[in-house]
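Here's the structure, in structure tokens; my notes come after.
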Amino acid sequence: MSTLPPCPKCNSEFTYEDGTQLVCPECAHEWSASGEAEVASDDAVKKDSVGNVLQDGDTITVIKDLKVKGTSLVVKVGTKVKNIRLCDGDHDIDCKIDGIGPMKLKSEFVRKV
Numbered sequence: 003m004s005t006l007p008p009c010p011k012c013n014s015e016f017t018y019e020d021g022t023q024l025v026c027p028e029c030a031h032e033w034s035a036s037g038e039a040e041v042a043s044d045d046a047v048k049k050d051s052v053g054n055v056l057q058d059g060d061t062i063t064v065i066k067d068l069k070v071k072g073t074s075l076v077v078k079v080g081t082k083v084k085n086i087r088l089c090d091g092d093h094d095i096d097c098k099i100d101g102i103g104p105m106k107l108k109s110e111f112v113r114k115v
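In terms of our numbering, the sequence shown is residues 3 to 115.
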């Protein structure tokens, strides 16, 4: 029997060695065989303008007037946005703002309520 550690991502016991890497056949996660289990890059932490950790479903407040590109609309300071979704990219918050519609925001211009 093998004494390889289980997968740190899905806890599968069916891991195997591939050179210096360990591989999980169930979730395709790869990690170093010599070091500690690394934190997956998928779990990147998003923070607001004051350092609070943001999560899906949070309510936020806009801290600066934001012009909506391509229109004459402006998202005013103090606008509350409910039920946000975090996404990857430069604009890392996906949301729907009343009166404006769906849009993406940067986390540096919001504060968690």
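Heads up, the beta-carbon is just placed ideally off N, CA and C, and yes, glycines get one too.
Everything numeric in this text was worked out from a predicted model, so none of it was measured.
(request) Just the C-alpha distance for Ser43 and His93, rounded to the nearest angstrom, thanks. (result) Along the sequence shown, read from residue 1 onward, the residue named residue 43 stands at position 41. Along the sequence shown, read from residue 1 onward, the residue named residue 93 stands at position 91. Model confidence at Ser43 stands at a pLDDT of 47, short of 50, so the residue's coordinates are unreliable and nothing is read from them.
(message) Can you tell me whether Thr143 is buried or exposed? The criterion is at least 16 other CB atoms within 10 Å of its CB, across all chains shown.
(response) The displayed coordinates of the chain run from 3 to 115. Any statement about residue 143 would go beyond what the structure contains.
(message) Please state the DSSP three-state secondary structure of Ser34.
(response) As a working mapping, residue 34 is identified with position 32 in the sequence shown. Note: Ser34 maps to strand in three-state DSSP.
(request) Classify Ser109 as buried or exposed, calling it buried when 16 or more other Cβ atoms lie within 10 Å of its own Cβ. (result) The count along the sequence shown starts at 1 and reaches residue 109 at position 107. A residue is called buried once 16 or more other Cβ atoms fall within 10 Å of its Cβ, and Ser109 is buried on that count.
(message) Only counting the same chain, and skipping five residues up and downstream in sequence, which positions put a Cβ closer than 8 Å to that of His31?
(response) Counting from one through the sequence shown, the residue named residue 31 turns up at place 29. Contacts found: Cys9, Pro10, Lys11, Cys12, Val25, Ala42.
(message) I need the boundaries of the beta strand (DSSP E) containing Cys97, first residue and last residue.
(response) As a first step, residue 97 is located in the sequence shown; it is residue number 95 there, counting from the start. 95-99 is the extent of the beta strand (DSSP E) around Cys97.
(message) Restricting to Cα atoms, I'd like to know which of Val47, Lys49, Val70 is closest to Ile102.
(response) Walking along the sequence shown from the start, residue 102 turns up at place 100. Minimum Cα distance to Ile102 is reached at Val70.
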